[in-house]
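Colleague:
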Amino acid sequence: MISLVHYLTVAAILFIIGVYGVLTKRNIVTILMSIELMLNAVNINLVAFSRFIQPEVLTGQVFSIFTITVAASEVAVGLALLFRVYHDYDTVHIDKLNRMRW
Amino acid sequence: MDDLVYTIAFYILAAITIASAIGVVTKHNLVHSALLMALCFIGISGLYVLLQADFLAAVQILVYSGAVAILIVLGIMLTQRRSMENTNPNSGWPRGAAVVCALLFVVILIVIAATPWHYSSSMAAQDTPSVLARLLFTDYMVAFEAAAVLLLAAMMGAIVLAKGGEEK
Amino acid sequence: MNITLLTSEIAIICLSLLIIILDLLLPRFETRRSLGYLAAAGVAGVFAYTCTQYGVSATVYQGLFTLDSFALFFKQIFLLAILLTLLFSFDYVEGLAKYQGEFYALLLLAVAGMMIMASANDLLTVFIGTELMTVTFYILVGYQFNSSKSSEAGMKYMILGSVSSAVLLYGVSWVYGCTGSIVFEQIAKHANTSLGMLFGFGLIVAGLFFKMALIPFHMWAPEIYEGAPTPITAMLSMGSKVAGLAVLLRMVFIAFVPMQAYWGGIVSIIAAITMIGGTVIAMWQTNIKRMMAYSSITQAGYMIVGLLSADASGIKSVLFYAMLYMFANVGVFATIIAVKKHHGSNEIKDFSGLAQQSPLLAVVMTVSLLSMAGIPPMAGFAGKLYVFSTVIEKGYLWLGLLGFVMSMISVYYYLNVTKVIYMNEPCVQKEFIVSQPLRIAALISLLATLWIGIYPGPLAELANTAARSLSIL
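Protein chains in written order, with the working numbering: chain D, 3 to 104; chain V, 41 to 208; chain R, 6 to 478.
The following block contains the structure:
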């Protein structure tokens with residue numbers, strides 16, 4: 003029988019894959035994709051909790067609708083910034099963005 | 041019998057989701073990554089169907105597999121002029137990052153295992169769109185309006201940034 | 006249901022929309038200064054309106070949005086911050102190549118996000134308010150189109166900010182799973198100390214600490230402060246930080262009361278390393294904006310100290326400190342903008358001879374910096390006294406001593422700037438122009454800093470009322 007724990011584990015794996023992508027990838031587009039994976043993991047968590055803890059009140063689902071909205075706007079702004087970076091640096095690799103020291 | 045079908049469906053969808061997510065961060069070709077990400081989103085929407093969140097499953101496909109994936113592909117097309125080979129390289133320390141992630145994963149698994157869950161036995165809400173709509177337009181009204189403003193800001197910002205960057 | 010509680014937020018958003026529309030109607034090549042004046046006048050109006058709202062304590066939408074003196078106090082900090090920032094940045098915005106109207110509009114939307122954060126009483130509204138603020142800041146940080154540093158800073162802020170939002174959200178999902186609710190009072194009712202709950206709480210706090218740029222979540226601050234347009238740097242260091250603080254206070258003292266047992270140890274350590282790290286690294290900076298980044302990290306460390314004494318006096322000290330921190334920041338950033346206009350760069354050596362070129366700004370800068378260092382009779386002294394006396398009462402003597410030592414060390418690098426201002430000769434001999442609005446903003450900051458320092462009573466009283474309205478206490 004599939005229970006909450008199964009869904010949480012899937013979400014955890016997805017979240018970790020996202021973290022791994024953010025930590026290791028150099029291309030900003032992939033980093034954006036990894037962030038999307040993390041946000042999707044959050045959504046799976048929310049929907050699963052909503053289903054198993056509180057099936058009659060859909061708070062978790064409402065929350066994930068907002069997460070999706072925010073993720074979409076973040077991607078839009080992120081890509082706009084990406085074009086600016088590409089225009090200024092002629093690269094989309096994060097490690098080439100070093101005109102300021104860390 | 042239903043249980044068996046449900047279990048099989050869950051494992052298939054979970055496998056699709058996780059395998060394609062791994063593909064996103066390991067493929068060397070950026071376009072493959074983006075397509076796998078769309079597949080991953082579809083797998084997740086399948087999981088939502090299993091969780092009886094039908095409206096959300098539809099939104100997932102429309103917004104993520106539709107809009108976000110297309111945006112990402114557009115981003116790739118506009119910034120990648122040379123060949124697509126090896127457009128998705130790793131930084132210096134993938135092994136170290138893998139170890140960090142594995143540790144983090146173990147922590148989350150321990151948390152999942154150690155937390156007592158209070159399962160509710162009541163039935164899932166039928167007709168989710170109307171329940172969601174009622175919540176959105178009553179309790180979560182402020183958040184809803186603020187999200188609308190956020191979308192406006194993001195749209196305006198995206199236009200301003202993209203245009204300001206190019207016509208210098 | 007009483008929609009009037011939302012008046013100030015609605016007014017700010019409408020003001021922003023009005024500016025967008027007027028921006029389209031104005032002739033293309035005309036300056037947008039008039040829109041800036043309109044924004045400042047509107048914000049001043051809203052500020053005046055919020056003054057009449059003190060004493061209200063009501064909620065709307067099933068308690069998800071609450072207006073009490075605590076929220077009002079923070080809203081007034083944000084409104085004052087944006088008002089003064091607008092005043093000193095008219096010239097700066099005029100220097101932007103284009104999209105000046107949108108700049109004002111977006112800045113107002115960011116403030117609307119902060120105001121929603123201050124009033125939010127559930128995790129969803131907190132999240133949306135935070136995102137409204139940060140997404141707008143991603144845009145504004147990358148707003149300087151002729152500078153590659155600005156786009157680099159925007160990109161980095163966007164990536165790190167989104168990751169921190171994702172982490173915060175993951176924590177929110179765990180808290181929701183463990184309590185079955187996202188409303189603060191309900192969370193408090195169902196809160197337990199299961200591992201999942203602690204995990205979720207930890208992730209949420211980490212996300213908020215990122216917004217406040219506390220060490221070890223501070224990596225983004227120096228670069229983004231350096232690359233961003235200066236008015237945005239000012240708003241980041243005032244708004245983003247203080248808004249994170251508002252959310253943190255309300256959350257910790259209403260929703261996560263049972264967690265406070267675990268809270269003291271971790272927060273005292275983070276506060277300690279933040280104070281030490283921020284102070285030590287700030288000493289080596291040559292760029293004034295980077296120095297201010299580390300300085301603001303240190304200041305956030307001081308503010309977080311007040312959280313340790315979990316009672317009204319602790320919260321009062323934090324509120325008091327947040328207000329005076331805002332005024333000191335206004336003084337510093339107004340001067341930075343004026344000097345940047347004169348020299349075209351933000352190095353500390355550009356401040357040479359400021360005392361001869363503009364005695365007023367030299368005094369403002371000195372007073373603001375000394376206020377941050379906590380020298381009497383400036384406001385910072387009273388603030389630090391409140392913060393550290395409350396934690397010492399709670400038995401954190403070592404933290405109080407550490408804060409004192411770090412304040413003394415920070416005097417060194419603040420005085421370093423002052424020394425450059427007064428001792429060195431001006432390196433460029435040309436007329437130093439200080440515009441009238443900037444002069445007003447600087448003067449307000451100067452007077453407020455001195456007045457709060459000498460008569461801390463009224464503000465302390467106000468902060469006390471605000472702290473007590475956080476009903477749980």
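Beta carbons are placed, not taken as given, at the ideal position from N, Cα and C, and that holds for glycine.
As the structure is a prediction and not an experimental result, all values here were calculated from the model.
Report whether the distance from the Cβ of R/S62 to the nearest heavy atom of the ligand SAH is below 7 Å.
Modeller: What this structure holds is no ligand at all, so the ligand SAH is not there to describe.
Colleague: Can you give me, in chain order, the residues of the segment 52 to 71 of chain R that have a beta carbon less than 7 Å from any beta carbon in chain V?
Modeller: Here the close residues are Y66, Q67, L69, F70.
Colleague: I need the boundaries of the alpha helix (DSSP H) containing V/T47, first residue and last residue.
Modeller: As a working note, residue 47 of chain V is residue 7 in the second sequence. Note, V/T47: alpha helix (DSSP H), 42 to 66.
Colleague: Assess contact between the segment 159 to 175 of chain R and the segment 203 to 223 of chain R, defined as three or more Cβ pairs (one per stretch) separated by less than 8 Å. Is contact present?
Modeller: The segment 159 to 175 of chain R is in contact with the segment 203 to 223 of chain R.
Colleague: Between D/H8 and the rest of its own chain, which residues show a CB-CB distance below 8 Å, the 5 nearest in sequence each way excluded?
Modeller: In the first sequence, the residue the question calls residue 8 of chain D occupies position 6. Excluding positions up to five away in sequence, the list is empty.
Colleague: For the segment 81 to 113 of chain R, which residues have a beta carbon sitting closer than 8 Å to at least one beta carbon of chain V?
Modeller: Within the segment 81 to 113 of chain R, the qualifying residues are A102, K103, Y104, E107, A110, L111.
Colleague: Below 9 Å between beta carbons is the criterion; list the residues of the segment 359 to 387 of chain R that meet it against any residue of chain V, in chain order.
Modeller: Per Cβ criterion, the list is empty.
Colleague: Which residues of chain V have a Cβ atom closer than 7 Å to the Cβ of R/E136, listed in chain order?
Modeller: On the third sequence, position 131 is the one that residue 136 of chain R refers to. What R/E136 touches in chain V: L190.
Colleague: Would you identify the three-state DSSP class for R/L478, choosing helix, strand or coil?
Modeller: In the third sequence, counting from the first residue as 1, residue 478 of chain R sits at position 473. Because R/L478 sits at a pLDDT of 49, beneath the cut-off of 50, its placement in the model cannot be relied upon, and the following sentence gives the value as read from the coordinates. Three-state result, R/L478: coil.
Colleague: So what does DSSP say about R/D127, is it helix, strand or coil?
Modeller: Your numbering for residue 127 of chain R matches position 122 in the third sequence. Correct three-state label for R/D127: strand.
Colleague: Rounded to a whole number of angstroms, what is the C-alpha to C-alpha distance between D/V59 and D/L41?
Modeller: The residue labelled residue 59 of chain D in the question sits at position 57 within the first sequence. The residue labelled residue 41 of chain D in the question sits at position 39 within the first sequence. Their backbone Cα atoms lie some 22 Å apart in a straight line.
Colleague: Residues of chain V with CB under 7 Å from R/S199, in chain order?
Modeller: Taking the third sequence and counting its residues from 1, the one referred to as residue 199 of chain R is at position 194. By Cβ distance, chain V contributes T155, P156.
Colleague: Over what stretch of residues does the alpha helix (DSSP H) that includes R/L72 continue unbroken?
Modeller: Translated into the one-based positions of the third sequence, residue 72 of chain R becomes position 67. Where R/L72 is concerned, there is no enclosing alpha helix (DSSP H), although the beta strand (DSSP E) it sits in stretches over 70 to 72.
Colleague: Taking the beta strand (DSSP E) that R/T64 falls in, what are its first and last residues?
Modeller: Taking the first residue of the third sequence as position 1, residue 64 of chain R is located at position 59. Where R/T64 is concerned, the enclosing beta strand (DSSP E) stretches over 63 to 65.
Colleague: Please state if the CB of R/F70 and the CB of V/V182 are separated by a distance shorter than 8 Å.
Modeller: Residue mapping note: residue 182 of chain V aligns to position 142 of the second sequence, counting from 1. Residue mapping note: residue 70 of chain R aligns to position 65 of the third sequence, counting from 1. It is a contact, given that the beta carbons lie within the stated cut-off.
Colleague: What are the start and end residues of the alpha helix (DSSP H) that includes R/V422?
Modeller: To locate residue 422 of chain R, count along the third sequence from 1; it is residue 417. That run of the alpha helix (DSSP H) goes 402 to 428.
Colleague: Around the C-beta of R/E228, are 16 or more other C-beta atoms found within 10 angstroms, so that it is buried, or is it exposed?
Modeller: Locating residue 228 of chain R in the third sequence gives position 223, where the first residue counts as 1. Buried, since its Cβ has 16 or more Cβ neighbours within 10 Å.
Colleague: Does DSSP put D/H95 in a helix, in a strand, or in coil?
Modeller: In the first sequence, the residue the question calls residue 95 of chain D occupies position 93. In this structure, D/H95 counts as strand in the three-state DSSP scheme.
Colleague: Can you find at least 3 beta carbon pairs, one from the segment 186 to 202 of chain R and one from the segment 77 to 88 of chain D, that sit closer than 8 Å?
Modeller: Touching, no, given that fewer than three Cβ pairs across the two stretches are closer than 8 Å.
Colleague: Check the C-beta distance from R/T454 over to R/F332 and give it rounded, since I have them as a contact under 8 Å.
Modeller: In the third sequence, residue 454 of chain R corresponds to position 449, counting from 1. In the third sequence, residue 332 of chain R corresponds to position 327, counting from 1. About 5 Å separates the two Cβ atoms, so the contact holds.
Colleague: Excluding five sequence neighbours on each side, which residues of the same chain lie with their C-beta closer than 7 Å to the C-beta of D/S66?
Modeller: Position 64 of the first sequence, counted from the start, is the residue given in the question as residue 66 of chain D. Closer than 7 Å at the Cβ level, and outside the excluded window around D/S66, lie N45, L48, V49.
Colleague: Within 8 Å of any Cβ in chain V, is that where the Cβ of D/V12 sits?
Modeller: Here the question's residue 12 of chain D lines up with position 10 in the first sequence. D/V12 counts as touching chain V.
Colleague: R/E136 to R/S186, Cα distance in whole Å?
Modeller: Working through the third sequence from its first residue, we reach residue 136 of chain R at position 131. Working through the third sequence from its first residue, we reach residue 186 of chain R at position 181. Computed Cα separation, rounded: 21 Å.
Colleague: Apart from the five residues just before and just after D/A13, which ones in its own chain have a Cβ nearer than 6 Å to its Cβ?
Modeller: In the first sequence, counting from the first residue as 1, residue 13 of chain D sits at position 11. Cβ within range, chain order: A43, I46, N47.
Colleague: For a quick check, are the C-beta atoms of V/L79 and V/L53 less than 8 Å apart?
Modeller: Sequence index remark: in the second sequence, residue 79 of chain V carries index 39 (1-based). Sequence index remark: in the second sequence, residue 53 of chain V carries index 13 (1-based). No, these two residues do not count as a Cβ contact at 8 Å.
Colleague: Output, in chain order, the set of chain D residues within a Cβ distance shorter than 8 Å of R/Y175.
Modeller: The residue given as residue 175 of chain R occupies position 170 in the third sequence. Within chain D, the residues near R/Y175 are F17, M40, A43, V44, N47.
Colleague: Please specify which runs of the alpha helix (DSSP H), each continuous and at least 4 residues long, are wholly inside the segment 152 to 237 of chain R, giving them in chain order.
Modeller: Entirely contained in the segment 152 to 237 of chain R, the alpha helix (DSSP H) runs reaching 4 residues are, in chain order, 153 to 184, 189 to 195, 200 to 217, 225 to 232.
Colleague: Which of the three DSSP states is assigned to R/E398 in this structure?
Modeller: Counted from its first residue, the third sequence places residue 398 of chain R at position 393. Here R/E398 sits in helix by DSSP.
Colleague: Taking 8 Å as the threshold (C-beta atoms), are R/E107 and D/M102 in contact?
Modeller: Position 100 of the first sequence, counted from the start, is the residue given in the question as residue 102 of chain D. Position 102 of the third sequence, counted from the start, is the residue given in the question as residue 107 of chain R. No, Cβ-Cβ distance for D/M102 and R/E107 is not below 8 Å.
Colleague: Let me make sure I understand the geometry here. Which of R/Q441, R/A86, R/L101 has the alpha-carbon closest to that of R/T36?
Modeller: Counted from its first residue, the third sequence places residue 36 of chain R at position 31. Residue R/L101 is the option with its Cα nearest to R/T36.
Colleague: Give me the Cα-Cα distance between R/W403 and V/G106, rounded to the nearest whole angstrom.
Modeller: For this step, residue 403 of chain R is matched to residue 398 along the third sequence. For this step, residue 106 of chain V is matched to residue 66 along the second sequence. In a straight line, the C-alpha of R/W403 is about 56 Å away from that of V/G106.
Colleague: Measuring only the C-alpha atoms, how far is R/K354 from R/V422?
Modeller: Translated into the one-based positions of the third sequence, residue 354 of chain R becomes position 349. Translated into the one-based positions of the third sequence, residue 422 of chain R becomes position 417. Whole-angstrom Cα-Cα distance: 8 Å.
Colleague: Quick one: what does DSSP say D/F38 is sitting in, helix, strand or coil?
Modeller: Within the first sequence, residue 38 of chain D is the residue found at index 36, counting from 1. The amino acid occupying residue 38 of chain D in the given sequence is Glu; Phe does not appear at that position. Helix at D/E38.
Colleague: Does DSSP classify R/E99 as helix, strand or coil?
Modeller: Here residue 99 of chain R corresponds to residue number 94 of the third sequence, with the count starting at 1. Helix, per DSSP.
Colleague: Using only the alpha-carbon positions, how far apart do R/A171 and D/A74 sit?
Modeller: Taking the first residue of the third sequence as position 1, residue 171 of chain R is located at position 166. Taking the first residue of the first sequence as position 1, residue 74 of chain D is located at position 72. For R/A171 and D/A74, the distance between alpha carbons rounds to 13 Å.
Colleague: Are there 16 or more other CB atoms within 10 angstroms of the CB of D/N100, so buried, or fewer, so exposed?
Modeller: Here residue 100 of chain D is taken as the residue at index 98 of the first sequence, counted from 1. Counting Cβ neighbours within 10 Å, D/N100 comes out exposed, since fewer than 16 surround it.
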